[in-house]
Each structure stands twice: as C-alpha cells, then as structure tokens.
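Taken in order, these protein sequences are the chains called G and C. Everything in the first sequence is counted per the working numbering, starting at 13 for the first residue and increasing by one. Everything in the second sequence is counted per the working numbering, starting at -16 for the first residue and increasing by one. All C-beta atoms, glycine included, are put in the ideal place defined by N, C-alpha and C. The structure presented is a predicted model; accordingly, all values stated were derived computationally and were not measured.
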Amino acid sequence: MTNSTEMNDGLYEQLRLELRRGCLSMAVLGQLRTEQYGYTLRQRLAALGLAIDEGTLYPLLRRLEAQGLLVSEWREEDKRSKRFYRLSPDGKHILKQLLAEWESMNKVLKQIL
Amino acid sequence: MELIDRYLQAVKFWLPKAQRDDIIAELSEDIHSQIEDKEAELGRKADDGDVGAILKQCGHPLLVAQRYSPQEYLIGPSMFPIYSFVLKIVGLVYVLPWLLVWLGYVIFSPAYRAQNPIHNLWPLWQGIVALVFAITLGFAFVERFMAKTWAQKDWDPRKLPSVRDSNQIPRSSSIFDLTIGIAFIVWWATHLRFRTVFEFSGATITLAPMWRFFLCGLLLVSAVTVALSGVNLIRRCWTRFTACIRLAIDCGGSTLFCWLLKTAILVEITAPNVPPEKTLAATKAINMGASRIFPAAVVLCLVIVLVDLRRIIRVKTTVTKLAPCVAAARTGSEP
C-alpha cells in the first residue's frame, strides 16, 4: 500500500513537472513582453501564483535567449549591475502561436474533462 | 559576505567555461536582491544564518551548476532501443551459449571440475567487456554523427516486415528438414545399411558396432522427420500434436547423438602407407575428441529440447487466444 502510494506520488510529481515545464516557458515569455531582470520576474511570477526557483529560471532564460526568443542587456540600476530581459521579435511571434495553441488545447481539455 | 563568495565559487567551478562569469554575475545579483528583501523584512542586517538559509534554498552548488549545462548523453533515445536490442542479441548468441557449455562441462566432466572452472570464466568476462565496449563505442559514434539523419530518413510503411506469427512454420524450414531427411534415407539405403567398415582411397575406417544401432535409430528419426515436414509443408502451423512429434524427434536424435559420443566411435583406421602407430594415434584422438565434446553436446541437446517444450506451451496458450495462424488452420485457409 505504502509502495503504491509512493509510486503514485512519484508519478504525479513527474507528470506535474512535465506539465509545468511547457507552461513555465510560456509564462516567462508572456511576462517578458515588458522588460524585467531575473529577480523581479521571479517575484512577479510568484505573486501571480507561479513560484519558480532561481535554479530553474536563469537556465530557462538563457535557453530562451539562445533560441532567439529573448534579448538581454546588462544595465546598472540601484548601483548594481543587472541583466534585463525582454521578448525579441521572434519571441513575440512564437508567443502568439503558443497562446493560440494553448487556447485550442484548453478548449479541447475543457470538453474532455 | 564571505559566505556568498564561497557559494558562488563552488557553483562557478562546475559551470561551462564560456558562460561562467556571466552566470555568476547574474546569480550573485539574484542572491543579493534576496538578501536585500530579507533585510527589509527583518528590519536589520542579515547575519550568516539568514544568508545561509537563502543559499540553502538556492540549492547545492553542483545541482545549480548542472542546470546550466546542456543535456548530454552517449546514446540518445532514438538509438537506445537498437543499442539495447544489440546487447540482448550478444547476450543470447555469445554469453548464454558460453555459460551453458561451461555449465555442461562443470556438470558432466570431472576433469574440468578439477581445474578451477571459475577461473575458466575469465575469457567470457573479457569477451563481454570487449564486446560491450565496442558496441557502445559504435553506437556513440552513430549517435554523434548519424542518428539525426538516420531518424529523419524517408521510410515507407509498406516496406515494414510482415506481422510475425510465432506459430507459423516457415516453408524454407520444412523444405530443409524434408531434403535432409530424404537425403539421409537415400544414403542409408544405397550406401550405409548395416555396414561399419568403409574404404576411402585405400584407407579403411572401421566404426564401432554401436554405429549400426545409431544409424538405425537415425533412420527412424529421419523417417518421422520427413513425414512431419511433409505435413508441415501443407499445414504451415504448429499444433500441439505436431509440436509434440517435433519434441519426440529431437529427444530421440539427441539421445542417440549423446549416447554415440559416450562410446568409442572408431575401432580402427588403416591406411596402406601410414604406420599403424600413427593411425592408432588418430583413432584415439578422434575417440577422445568425441568424448570431450559430450558435455557441450548434452547442453546443446537440452537447449533444443527446451525450445521444443516452449513451442508446445506457446501453441497451448495461443490456441486459447486463437492466433492468426491457428485460426487460419482451423478454417482451412492459407495463414
């Protein structure tokens, strides 16, 4: 019984992470329609109910930038150097497509569930 | 903030060289922002305990650094099923026969048992290591340079192999058995009969008298094989009855073969221009060779019998599930 519960918990966690992975990219892209640096982005996402740790966010930002969806620049603010991110033109285009796909999937899922 | 510097240094060590400074600058900024917020919340300067708690929440330096590294693997998901299949084949055609033969010698040969049989497994182990290394290297090469193009290669579903029915008897196998059986019967009738003395270009080979019984037994086995192959050619599907006959044939053939190996198969060899001591040595060597392969022969025969038994069980289970071949056999149509 305990083994089965542990297995189910593990499976749930794995599926939850899979579901979350795609959503996080979309949430980050969506938030970066306005320029932000990593820490404020994290805070805003957390305030909206999508907590994300730095170990996940910064590698994700780097990956999205390497894919050409984000652009970044180092700037000084409050006497500290910060890296500001914003959506690139390609990122805007992809986000639009992703949102359309998301809405369509959401519609289907609502019908199914 | 020595603690932060120590933490960042530990993270930095594991980061990809090209991005090290950039990542550390960003991570440092994030940690400092967190500390600032904490200080605002506490209304005092953060002490080592507060900083330690924040760093702990950030995660172990190795794990933090690892998230920035590209995901790398030697053999990727597209190649792994083939890699695993090849390793299984190696296990089946190399490791398993090797172990079975070794086990045969351990069980049936006291002389082999006396010479530290565990030590004799060393070449097997060396072989496994070499094979696995070579296969892994080969697949790693394919993964690195060819996997992408291979996976994107155009393919035609019509060229995929037809659905396999394990109960269906390949026509080629029946024809092969039939040919061998008939050839032996003809050979027995025209040349062998009950002879045990044969002459080849002046040399005389005298077989042991038990060869008569062996050949008669083999004649019987061949006759039943010919009959079964004929039936299998017409009805190309194993039934419980034909599978049992196959088992009986293989049991009979295996017993005869192993029994023959246990006896001195040659009485003598004589040749006009060869000294008798040389022919005697050759006779002894052949007899000894036959007795030496006895353990391996027993294991081989056991494997054949096990395969036959598995077939009977498979037929029994698929009859209940009504496999395509069995269904076709029942309706009388071509499977």
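Under 8 Å between the Cβ atoms of residue i and residue j?
| i | j | result |
| --- | --- | --- |
| G67/G | L46/C | yes |
| V180/C | C234/C | no |
| R56/G | I64/G | no |
| Y51/C | Q(-8)/C | no |
| A123/C | L57/C | yes |
| L107/G | G42/G | yes |
| W9/C | R92/G | One detail in the question is off: residue 9/C reads as Glu in this sequence, not Trp. Not closer than 8 Å, so no. |
| I168/C | S205/C | yes |
| A280/C | L230/C | no |
| P100/C | W85/C | yes |
| G272/C | T208/C | no |
| N270/C | A254/C | no |
| L201/C | L161/C | no |
| L72/G | L36/G | yes |
| D31/C | L(-14)/C | yes |
| A29/C | I14/C | no |
| V241/C | C199/C | In the sequence as presented, Val is not what sits at residue 241/C; that position holds Cys. Not in contact: C241/C and C199/C (Cβ atoms no closer than 8 Å). |
| G42/C | Y77/C | no |
| V250/C | L190/C | yes |
| S16/C | Y70/G | no |
Along chain C, in chain order, which residues have C-beta atoms closer than 9 Å to that of residue i?
| i | result |
| --- | --- |
| R92/G | E12, H15, S16 |
| R87/G | Under the 9 Å cutoff, chain C gives no residues; its nearest Cβ is about 11 Å from R87/G. |
Use the C-beta contact count for residue i: other C-beta atoms within 10 angstroms, 16 or more gives buried, fewer gives exposed.
| i | result |
| --- | --- |
| L99/G | buried |
| Q48/G | buried |
| C220/C | buried |
| F224/C | exposed |
| A226/C | buried |
| G35/C | exposed |
| N150/C | buried |
| S156/C | exposed |
| P(-1)/C | exposed |
| F277/C | buried |
| W194/C | buried |
| S212/C | buried |
| Q136/G | In the structure as shown, chain G begins at 13 and stops at 125. Residue 136/G is therefore absent and cannot be evaluated. |
| S316/C | Residue placement at S316/C is flagged as unreliable, the pLDDT there being 49, under the threshold of 50; the coordinate-derived value follows with that caveat. Burial call: exposed. |
| D90/G | exposed |
| P44/C | buried |
| A112/G | exposed |
| A94/C | exposed |
| G87/C | buried |
| S84/G | buried |
Closer than 8 Å by beta-carbon distance: list the chain C residues that pair up with residue i, in chain order.
| i | result |
| --- | --- |
| G67/G | C41, G42, L46, V47, R50 |
| R98/G | Near R98/G there are no residues of chain C at all, since even the closest Cβ is about 15 Å away, more than 8 Å. |
At a CB-CB cut-off below 7 Å, which residues of chain G make contact with residue i?
| i | result |
| --- | --- |
| E9/C | G50, Y70, R95 |
What residues from chain C crowd round residue i, counting only those whose CB sits closer than 7 Å?
| i | result |
| --- | --- |
| R32/G | Residues of chain C passing the Cβ test: none, with the nearest at roughly 15 Å. |
Residues, ordered as in the chain, of the stretch 45 to 59 of chain G that lie near chain C by beta-carbon distance below 7 Å: Shown in chain order are the members of the stretch 45 to 59 of chain G whose Cβ falls below 7 Å from a Cβ of chain C: G50, Y51.
Unbroken stretches of the alpha helix (DSSP H), 4 residues or longer, contained in the stretch 157 to 223 of chain C: 193 to 217
Runs of beta strand (DSSP E) wholly within the stretch 43 to 121 of chain C (minimum 3 residues, chain order): Runs of the beta strand (DSSP E) spanning 3 or more residues and lying entirely within the stretch 43 to 121 of chain C do not occur at all.
Residues of the stretch 13 to 29 of chain G with Cβ closer than 8 Å to any Cβ of chain C, in chain order: none
Segments assigned alpha helix (DSSP H), at least 4 residues, entirely inside the stretch 54 to 111 of chain G: 66 to 78
Contained beta strand (DSSP E) runs [length at least 3] in the stretch 224 to 311 of chain C, N- to C-terminal order: Counting whole runs of 3 or more residues, the stretch 224 to 311 of chain C contains the beta strand (DSSP E) stretches 249 to 253.
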